[in-house]
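> At position 40 of the sequence shown (counting the first as 1) the number is 40 in UniProt numbering, and the numbers step up by one without a gap.
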Amino acid sequence: VWRYYLLSVRPEQQDTDFKWSDLQARTNSELLANLGNLVNRALQFVVKFFNGVVPAAHPEKGAQALAALGATVGPKVAEYYAAMEAIKLREGIRLAMTISADGNKFIQDNQPWVWMKQDIEHCGSIVAGGKWALGAP
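Dropping the structure here:
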């Protein structure tokens with residue numbers, strides 16, 4: 001929490017004011033509600049329905065949803081790497097949180113809990129997409 005917060009507000013061009021209320025708000029809205037939610041959702045499916053092993057994406061089932069996720073997230077990942085290489089840590093963290101929000105939206109829009117009951121392979125593709133949004137190859 002501390003590292004995330006301090007890096008996300010660190011001064012890059014001007015001074016920054018530390019506020020306990022800001023630390024609490026960022027912890028709750030960014031780390032817990034955004035990144036933590038995506039990690040929790042993806043891992044719950046992996047553990048509960050795929051015996052702890054992240055499934056591979058099916059070549060056809062869920063492919064359209066995965067392509068849309070790639071089109072949304074891919075350019076942001078490239079921007080993230082560029083920001084980090086340029087030591088623009090605040091921008092990199094902002095992009096990481098944006099990618100995480102996109103991953104949450106992907107899971108919400110594609111409802112793997114519904115596909116679990118209808119088509120396990122399609123569900124597996126959605127879960128694999130959640131993993132991809134977390135930056136795991």
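For each residue, glycine too, the CB sits at the ideal point set by N, CA and C.
1. For N28, report the span of its alpha helix (DSSP H) as first-last.
2. Could you give the distance in angstroms between the alpha-carbon of V127 and the alpha-carbon of D22?
3. DSSP on L66, reduced to helix/strand/coil?
4. Is the region 23-32 touching the region 70-90 in the sense that three or more CB pairs, one from each, lie closer than 8 Å?
5. Does the Cβ of Y80 have 16 or more other Cβ atoms within 10 Å, making it buried, or fewer, making it exposed?
6. Classify N51: buried if its beta carbon has 16 or more other beta carbons within 10 angstroms, exposed otherwise.
The short version:
1. Premise fails: N28 is in no alpha helix (DSSP H) and is neither H nor E.
2. Taken atom to atom, the span from the alpha-carbon of V127 to that of D22 is near 32 Å.
3. In this structure, L66 counts as helix in the three-state DSSP scheme.
4. Segments in contact, no.
5. The residue in question, Y80, is buried, as its Cβ has 16 or more Cβ neighbours within 10 Å.
6. The residue is exposed, with fewer than 16 neighbouring Cβ atoms inside 10 Å.
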